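In this note's numbering, the protein residues as written are 464 to 895.
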């Protein structure tokens with residue numbers, strides 16, 4: 464109707480005498496003629512400052528050694544998809560089918576037909592976890608997860624009282640066995656019996672060993688708790704089938720889509736369908752997670768999905784179905800193992816004594832220096848500590864040399880604060 468009225472107004476004015484444009488209108492008209500030029504101009508023309516920042520970051524990434532899982536390098540094709548015209552498209556709700564779930568079926572979920580391959584819309588891992596909490600729990604229900612100082616994640620956290628999980632839910636952690644560096648499953652089971660959580664999280668941001676998913680499943684069954692596997696750090700390894708999968712045991716699985724998965728920055732939620740159990744009355748109880756979780760994501764806690772990110776994710780998951788991708792993940796494990804072995808030979812204490820995934824955790828107490836100071840020296844020599852590349856015997860030697868350099872700078876520093884250490888490092892002349 465509005466379009467028809469506009470056309471009638473336009474047609475009725477065609478026969479009217481032409482009136483010269485005012486100066487203001489003429490100026491506006493001339494600016495409008497420049498819009499197509501601005502829309503189609505490259506970044507270095509529109510905003511050279513931002514273009515320069517991007518080039519500097521590109522140089523930093525090429526020059527340095529990235530060892531941080533969350534800063535893994537995605538592919539050119541994924542970046543092209545993320546930067547595509549799909550960014551212009553707004554969506555609401557959920558499509559009936561999409562490309563990426565079929566691709567993930569061919570990888571990590573090929574043996575698990577009782578899973579629903581949604582939801583790909585969460586914007587990152589922490590919101591995905593909170594969306595699961597709000598979908599399946601009531602306010603002040605109890606959550607049990609790995610303790611933050613023992614390798615847990617902030618989105619499972621109880622320490623910061625001003626974050627959402629602490630505001631809306633009651634949390635209590637399980638911990639590592641201090642002497643072994645492994646999760647203390649016996650203590651986990653005992654504390655779960657006392658605390659009686661409604662949801663138990665199997666997942667970490669800094670744990671170099673495999674989770675015993677079967678053991679946690681037994682604890683959840685005993686307490687009638689939901690088992691959430693947060694595999695953000697290991698989803699690429701799971702997709703390649705080079706480490707055990709949580710899908711056999713968990714009720715819900717969340718993951719980010721970058722890190723070893725090598726996709727764009729986003730998240731996914733997977734949840735079971737079909738028969739959950741046969742109750743005491745012999746009645747079949749079905750999983751009812753689908754609507755609850757989808758509603759918690761949209762419209763519950765976020766608006767329309769980022770279609771350009773989901774497009775890039777589809778490309779990344781196609782890559783994850785290839786033999787090349789599996790070989791890459793096998794090499795990640797090999798690199799990490801070699802790195803850990805070399806550090807151990809050089810006298811470094813490794814948390815849990817080694818690694819079974821893509822992480823190496825080094826305890827620097829026996830070296831007489833803290834991680835913050837070593838991190839600053841690593842940054843100065845263009846090593847971002849923690850990821851997967853290169854000859855990892857040589858990487859371990861670089862790390863060892865950096866620790867020794869940090870000890871030297873510490874001995875020369877007069878003050879006790881980190882800023883004093885950084886100032887001494889910058890003025891020492893040892894870093895070109």
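Think of the CB as a built atom: it goes at the ideal place given N, C-alpha and C, for glycine as much as any other residue.
Since we're looking at a predicted model, the values are computed, not measured.
Looking at 827, 687, 842, 789, the one whose alpha-carbon comes closest to that of residue 742 is 687. In this structure, residue 709 and residue 731 do not form a Cβ contact; the two beta carbons are roughly 13 Å apart against a cut-off of 8 Å.
When secondary structure is reduced to three states using DSSP, residue 793 falls in the helix class. As a beta-bridge residue in DSSP terms, residue 719 pairs with 730. The Cβ neighbour count for residue 840, taken over all protein chains shown within 10 Å, is at least 16; the residue is labelled buried. In its chain, beyond the 5 residues on either side, 537, 538, 541, 720, 724, 725, 726, 727 have a beta carbon closer than 8 Å to the beta carbon of residue 779.
Beta-bridge partners of residue 607 (DSSP): 635, 663. DSSP, reduced to helix, strand and coil, places residue 583 outside both helices and strands of the structure shown, so it counts as coil. Note: residue 693 is bridge-paired with 717 in the DSSP secondary-structure output. Taking C-alpha positions only, residue 644 is separated from residue 773 by approximately 37 Å. Its chain contains 694, 695, 698, 731 as the residues whose beta carbon lies nearer than 6 Å to that of residue 718, once the 5 sequence neighbours on both sides are disregarded; these appear in chain order. Classified as exposed, residue 826 has fewer than 16 neighbouring CB atoms from the shown chains inside 10 Å of its CB. Residues of the same chain with a CB within less than 6 Å of the CB of residue 809, apart from the 5 flanking positions on each side, are 863 in chain order.
Contact between the stretch 759-768 and the stretch 586-604 is present: 3 or more CB-CB pairs across the two stretches fall below 8 Å.
Close CB contacts of residue 829 within its chain, under the 7 Å cut and outside five residues either way in sequence, are with 812 (chain order).
When secondary structure is reduced to three states using DSSP, residue 739 falls in the strand class. A check of alpha carbon separations from residue 634 across 603, 816, 786 identifies 603 as the nearest. Relative to residue 753, the option among 745, 734, 744 whose CA is nearest is 734.
Listed as beta-bridge partners of residue 819 by DSSP are no residues whatsoever. Contact check for residue 614 against residue 677 fails: the beta carbons are separated by 8 Å or more.
For residue 541, the enclosing alpha helix (DSSP H) starts and ends at 539-545. Within 10 angstroms of the beta-carbon of residue 819 lie 16 or more other beta-carbons, which makes it buried. Under the three-state reduction of DSSP, residue 825 is assigned to strand. Judged by beta-carbon spacing, residue 595 lies beyond the 8 Å limit of residue 682, meaning their Cβ atoms are not closer than that value. If you check the CB distance, residue 630 and residue 673 do not come in under 8 Å.
Residue pairing of residue 646 in beta bridges, as defined by DSSP: 639.
Assignment of beta-bridge partners to residue 846 by DSSP yields 528.
With contacts defined as CB atoms closer than 8 Å, residue 532 and residue 606 fail to qualify as a contacting pair. Taking the Cα of residue 777 as reference, the smallest distance to any Cα among 544, 522, 514 is reached at 544. CA-CA distance, residue 495 to residue 517, rounds to 29 Å. In the DSSP secondary-structure assignment, residue 724 is not bridged to any residue. For residue 705, the secondary structure class from DSSP, reduced to helix, strand or coil, is coil. The residue among 680, 761, 685, 636 with its C-alpha nearest the C-alpha of residue 691 is 680. Apart from the 5 residues on each side of it in sequence, residue 618 sits with its Cβ closer than 7 Å to the Cβ of 588, 589, 592, 593, 628 in its chain, given in chain order. The beta carbons of residue 700 and residue 792 sit about 5 Å from each other, so the pair counts as a contact at 8 Å.
Residue 748 is bridged by DSSP to 740.
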